[in-house]
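Engineer: Numbering-wise (this note's numbering), the sequence shown opens with residue 5 and increments by one.
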Amino acid sequence: MSERALPVAYPFVLPQQFTSRYSDEDAIMRGTLFPELDLPFTDFQNTEPLPKTPLNEQMTLDFVRLELRLYLDTHPDDTVAAELLQQYDQQAQARSTCDSWVFSPWPWEGDV
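#1: In this structure, does DSSP put ASP42 in helix, strand or coil?
#2: Straight-line CA distance for ASP66 to GLY114?
#3: Taking the C-alpha atoms as reference points, what is the distance between PRO27 and PHE16?
#4: Considering only C-alpha positions, which residue in the set ARG34, ALA9, PRO58 is nearest to GLU71?
#5: If we count the other Cβ atoms within 10 Å of its Cβ and call it buried at 16 or more, is ARG99 buried or exposed?
#6: By alpha-carbon positions, which one of PRO111, ALA31, GLU52 ends up nearest to ASP42?
#7: Whose C-beta lies closer than 8 Å to the C-beta of GLN3 among residues of the same chain, with five residues either side of it excluded?
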C-alpha cells in the first residue's frame with residue numbers, strides 16, 4: 005500500500021485595497037493596521053490606550069513596519085504602501101541614532 009502525500013494547508017491571501025489604515029496607536033491596540041482585517045476575537049477589543057513611553061512608541065513603530073512589510077509581501081506593486089514603509093523606516097533609523105550613547109566608551113573603559 006503506497007502512501008499519498010496530502011497537502012497540509014491551502015494558502016489564501018485576502019485581497020486588500022490600501023485605502024485606509026488605523027493610526028499607529030490604534031493599530032497596535034487592534035492587532036492590525038488595516039480596518040478591513042479587523043476581526044476581533046469573540047468581540048474582544050483593547051480599549052485602554054498604551055501609555056506614552058519610549059518603549060511603547062518603539063513597539064508601535066516596529067508593529068506598523070512589520071504590518072506594512074507583510075502587506076507588501078502580497079502586494080508588491082503598491083507604491084503608496086512602499087513609500088509609507090520607507091517613511092517609517094527612516095523614523096526607525098532616526099530613533100536608533102538616539103541610542104548611540106550605548107556605543108560610546110563606558111566609564112570603566114578608559115578616560116572619560
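By construction, the Cβ of each residue, glycine as well, lies at the ideal position given by its N, Cα and C atoms.
Structural biologist: In this structure, then:
#1: coil
#2: 35 Å
#3: Checking the sequence shown, residue 27 turns out to be Ser, not Pro. C-alpha separation (whole angstroms): 27 Å.
#4: ARG34
#5: exposed
#6: ALA31
#7: With the chain covering 5 to 116 only, the question about residue 3 has no answer from this structure.
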